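One structure is given below, encoded as structure tokens.
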Amino acid sequence: MFFVLSKVLGFVTTPSNVIGLICLAGVLLLATRWRACAVRVMAVGIVLALVVGYSPLGEVMTLALSERFPAWQDNGRTPTGVIVLGGAINPEVSAARGTPELNTAVDRLTATADLARRFPSAKIVFTGGSGNLIDRSLPEAQFAVPVLEDLGIARGRLIVEDRSRTTFENAAFTRSLVDPKPGELWLLVTSAGHMPRAIGSFRAAGFEVEAYPVDWHSRGWIDAATPFETLSWGLGRTDVAMHEWIGLVAYWLTGRSSELFPGPKAKS
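In my numbering, the protein residues as written are 1245 to 1512.
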């Protein structure tokens, strides 16, 4: 139920969708006696699209997330395992084209392959099922495994979890699968902007991991005042950031995250 609600509510809380619905409402009002109101409504939609699309708003929202966890520092301790979250492959397009189709989150997979080479004794876990609301027959894991093999990770070394549909399920199902022991070091690989919610989910599931953020989309806070070059770019960045912020609140309220805005723990 939570997965279905997240998909449905996600549509109506996505900024670009909200702006589109406002503009549509204005167009529909043109056919009524409230034509003057229609013009105002459409003007609001247009102004919002321009502000959200070109201003650095989406960048600031993203940076607040992606800068929460710093890049992982190797302190000489060998990881027990590396966990990589799904999200870098489109299963439906991959199935239709007969080859894995990667998106901008491909750093998750390449970083995992690099860690596998650096730490040959570490277990490698991929967790990712189907994010499709209707069809669950194409888990992302089935396409990710060949990619990870092509990147040099032997199939016998991979532990695959292919039932999860949400970040919390990634955490809960992976914990059950690998049964982590006290004192072990597990690295969690996912996009920097997604890391706060991912860490909160793993902590809520009772699985302590260290963040290994990848897939940054900017140089850092130096880009916080830089406008976007295209309307679609700014709208897209804001959409993704809003999805994460709403997800953080929803996970915290439903007990799927250990805290509202998870951050690094103080080193003991």
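Glycine is no exception: its CB is placed at the ideal position from the N, C-alpha and C atoms. Being a predicted model, the structure only gives us computed values, none of them experimental.
Residues near residue i by beta carbon distance below 6 angstroms, same chain, minus five either side
i, result
"S1310", "A1436, G1437 and W1460"
"G1507", "R1312"
"E1393", "R1399"
"A1485", "G1302, M1305 and T1306"
"T1258", "D1483"
Proximal residues to residue i (C-beta, below 8 angstroms), its chain only, five neighbours per side dropped
i, result
"V1304", "A1468"
"V1295", "L1301"
"W1465", "L1307 and E1311"
"N1376", "P1335, E1336 and L1382"
"R1361", "G1396"
"R1401", "A1360, K1367 and I1368"
Spatially closest choice to residue i from the options, by CA coordinates
i, options, result
"E1413", "L1329, R1277, P1314 and V1283", "L1329"
"A1385", "S1365, G1396, A1398 and R1407", "R1407"
"L1301", "F1505, P1424, G1499 and D1483", "D1483"
"D1358", "L1431, S1299, N1347 and E1473", "L1431"
"V1453", "G1480, I1397, V1295 and V1369", "V1369"
"R1463", "F1246, P1314 and T1356", "P1314"
"S1420", "L1429, G1427 and E1405", "E1405"
"I1443", "L1249, A1282, W1496 and L1353", "W1496"
"V1291", "K1425, E1336, I1263 and L1504", "I1263"
"V1248", "S1338, D1379, V1271 and K1509", "D1379"
"A1366", "S1250, G1297, A1287 and I1397", "I1397"
"S1476", "R1279, T1258 and A1293", "A1293"
"Y1456", "V1271, V1288, F1505 and D1351", "D1351"
"V1391", "W1316, K1425, Q1317 and N1347", "N1347"
Integer-rounded CB distance, given that residue j should sit under 8 angstroms from residue i
i, j, result
"P1364", "G1373", "That belief does not hold up - the Cβ atoms of P1364 and G1373 are roughly 28 angstroms apart, past 8 angstroms."
"G1331", "A1308", "With 8 angstroms as the limit, G1331 and A1308 do not qualify as a contact, their Cβ atoms being about 20 angstroms apart."
"I1403", "V1422", "7 angstroms"
"A1355", "V1433", "5 angstroms"
"R1441", "G1480", "Going by Cβ atoms, the distance from R1441 to G1480 rounds to 19 angstroms, so no, they are not a contact pair."
"T1410", "S1250", "7 angstroms"
"T1498", "F1246", "7 angstroms"
Own chain, CB closer than 7 angstroms to residue i, minus 5 neighbours either side, in chain order
i, result
"L1429", "R1321, P1323, T1324 and E1454"
"V1337", "E1345"
"E1488", "L1309, G1437, H1438 and R1441"
"F1387", "I1333, P1335, S1338 and P1344"
"C1281", "L1273"
"A1416", "A1449"
"P1471", "Y1298, S1299 and P1300"
"E1503", "G1444 and W1496"
"G1289", "I1263, I1266, C1267 and G1270"
"R1500", "F1412, S1445 and A1448"
"V1285", "I1266, A1269, G1270 and L1273"
C-beta neighbour in chain C for residue i, strict 8 angstroms
i, result
"T1410", "This model lacks chain C altogether, as it is built from one protein chain only."
inquiry  = Closer than 8 angstroms is the cut-off here; do at least three beta carbon pairs connect the segment 1266 to 1275 with the segment 1250 to 1257?
reply    = no
ask   = Is it a yes or a no for the segment 1333 to 1348 touching the segment 1442 to 1449, going by three-plus beta-carbon pairs under 8 angstroms?
value = Fewer than three Cβ pairs drawn from the segment 1333 to 1348 and the segment 1442 to 1449 lie within less than 8 angstroms of each other, which leaves the two stretches out of contact.
task = Mind listing, in chain order, the continuous beta strand (DSSP E) runs of no fewer than 3 residues lying wholly within the segment 1425 to 1465?
result = 1430 to 1435 and 1454 to 1458
ask   = Residue ranges of each alpha helix (DSSP H) run of no fewer than 4 residues wholly in the segment 1368 to 1401, ordered along the chain?
value = 1385 to 1394
request  = With a floor of 4 residues, list each alpha helix (DSSP H) that falls wholly inside the segment 1306 to 1366, ordered by position along the chain.
outcome  = 1335 to 1341 and 1351 to 1362
ask   = Which parts of the segment 1478 to 1506 are runs of the alpha helix (DSSP H), unbroken and 4 residues or longer, counting only runs that do not cross its ends?
value = none
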